[in-house]
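**Student:** Take a look at this one; I'll ask things after.
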Amino acid sequence: SASPEEPPDNAKSLGELRRQAEGCRRCPLWQDATQTVFGEGPENARIVFVGEQPGDQEDIAGKPFVGPAGKVFDEVIEEAGIERQKLYVTNAVKHFKFEPRGKRRIHQKPNAGEVKACRWWLDQELGFIKPDLAVAMGATAAQSLLGKAVPVTKMRGTIVTRDDGLPIFLTIHPSFILRIREAAEAQAERERFLADMRQVKQLA
Ligand code: URA
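The sequence shown begins at 275 in the UniProt record's numbering and counts up one residue at a time.
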């Protein structure tokens with residue numbers, strides 16, 4: 275239900291939506307984060323990429339996918355022949371959720387309520403952009419885009435079409451590659467992510 279802190283549901287442009295999101299109080303995550311990290315990219319993008327939530331570096335920069343996961347993302351899409359500047363890149367959740375540990379801020383997975391609260395913004399981003407395809411990177415993005423839990427490791431490389439007709443391409447989150455300790459295994463996972471991105475390139 276509407277409360278005084280909720281932004282009005284009347285953005286007339288993506289820019290106005292972005293400004294509204296700066297003051298978002300729809301869940302408690304704004305309290306500890308530096309700023310809202312909204313999506314970035316051209317409004318006429320044909321593909322929207324969706325991650326989980328900003329990390330430590332994104333929280334500080336105010337831009338999505340500029341940290342270690344963003345580096346993997348940039349390298350792999352470039353290898354697949356996808357130009358990042360033509361994409362709209364955003365996250366399911368737009369504030370960094372973390373636990374302080376000494377001087378470090380350790381990423382925490384957003385819960386279902388936080389993902390649901392933030393769908394308000396993602397739905398409207400998609401409404402302005404009207405892409406041909408959305409790419410869900412990881413389970414949180416898939417949950418947000420499809421409104422239900424999806425086994426992304428099993429279903430990666432496939433498309434699920436939403437009731438509104440938007441095709442959702444499923445893949446893993448690039449930070450999954452970074453968490454693999456064993457080098458050969460990490461390399462193999464990176465190759466699988468590259469194969470997925472080559473498929474996305476074909477769909478574009
Ligand atoms: N991981 C994400 O899901 N999104 C970012 O913007 C950065 C890291």
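The beta carbon of each residue, even a glycine, is placed where N, CA and C say it ideally should be.
Just to check, is the beta-carbon of N385 closer than 7 Å to a non-hydrogen atom of the ligand URA?
**Tutor:** Taking the first residue of the sequence shown as position 1, residue 385 is located at position 111. No, the ligand URA has no heavy atom inside 7 Å of this Cβ.
**Student:** I need the DSSP call for F323, collapsed to helix, strand or coil.
**Tutor:** For this step, residue 323 is matched to residue 49 along the sequence shown. Correct three-state label for F323: strand.
**Student:** What does the alpha-carbon distance come out to for the pair G344 and V324?
**Tutor:** Residue numbering aside, residue 344 sits at position 70 when the sequence shown is read from its first letter. Residue numbering aside, residue 324 sits at position 50 when the sequence shown is read from its first letter. The alpha-carbon of G344 is positioned some 12 Å away from that of V324.
**Student:** Under a three-way DSSP split, which group does A276 fall into?
**Tutor:** As a first step, residue 276 is located in the sequence shown; it is residue number 2 there, counting from the start. In this prediction, A276 has a pLDDT of 49, which is less than 50 and means its spatial position is unreliable; what the coordinates show is noted afterwards. Three-state DSSP puts A276 in coil, outside helix and strand.
**Student:** For L468, which residues in the same chain have their Cβ closer than 8 Å to its Cβ, ignoring the five residues on either side in sequence?
**Tutor:** Position 194 of the sequence shown, counted from the start, is the residue given in the question as residue 468. Once the five neighbours on either side are set aside, the close Cβ partners of L468 are V350, E353, A354.
**Student:** Would the region 333-348 and the region 425-444 be scored as touching if the rule is three or more Cβ pairs under 8 Å?
**Tutor:** no
**Student:** Reducing DSSP to helix, strand and coil, say where F443 ends up.
**Tutor:** By 1-based counting over the sequence shown, the position of residue 443 is 169. Strand.
**Student:** Could you name the residues that DSSP lists as bridge partners for T364?
**Tutor:** Within the sequence shown, numbered from 1, the residue matching residue 364 stands at position 90. Secondary-structure assignment with DSSP links T364 through a beta bridge to V324.
**Student:** Using the beta carbon as the reference atom, which residues fall closer than 5 Å to any heavy atom of the ligand URA, ordered along the chain?
**Tutor:** Checking every Cβ against the heavy atoms of the ligand URA under 5 Å gives G325, E326, P328, G329, E332, P338, F339, A343, N365.
**Student:** Check whether the Cβ atoms of Y362 and A319 lie closer than 8 Å to each other.
**Tutor:** Position 88 of the sequence shown, counted from the first residue, corresponds to residue 362. Position 45 of the sequence shown, counted from the first residue, corresponds to residue 319. Their beta carbons are under 8 Å apart, which means Y362 touches A319 by this criterion.
**Student:** If you run the structure through DSSP and keep just helix, strand and coil, what is P342?
**Tutor:** Start at 1 with the first residue of the sequence shown, and residue 342 comes out as number 68. If DSSP states are grouped into helix, strand and coil, P342 belongs with the helices.
**Student:** Going by beta-carbon coordinates alone, are A413 and V426 separated by less than 8 Å?
**Tutor:** Taking the first residue of the sequence shown as 1, we reach residue 413 at position 139. Taking the first residue of the sequence shown as 1, we reach residue 426 at position 152. A contact, by the Cβ cut-off of 8 Å.
**Student:** Once you ignore the five residues that flank Q417 on each side, which residues in its own chain have a CB closer than 8 Å to its CB?
**Tutor:** Counting from 1 along the sequence shown, the entry for residue 417 is found at position 143. Here the set comprises A366, A386, V389, A423, V424.
**Student:** Measuring only the C-alpha atoms, how far is H369 from K337?
**Tutor:** Taking the sequence shown and counting its residues from 1, the one referred to as residue 369 is at position 95. Taking the sequence shown and counting its residues from 1, the one referred to as residue 337 is at position 63. Going by the C-alpha atoms only, they are around 11 Å apart.
**Student:** Who are the Cβ neighbours of P405 in its own chain at under 8 Å, not counting the five residues just before and after it?
**Tutor:** Looking up residue 405 in the sequence shown gives position 131. Answer for P405: A319, R320, I321, V322, Y362, L440, listed in chain order.
**Student:** Classify residue 223 as helix, strand or coil using the three-state DSSP reduction.
**Tutor:** Here the chain covers residues 275 to 478 and nothing more, so residue 223 does not appear.
**Student:** Spell out the partners DSSP gives E373 in its beta bridges.
**Tutor:** By one-based count along the sequence shown, residue 373 stands at place 99. Bridge partners of E373 according to DSSP: I380.
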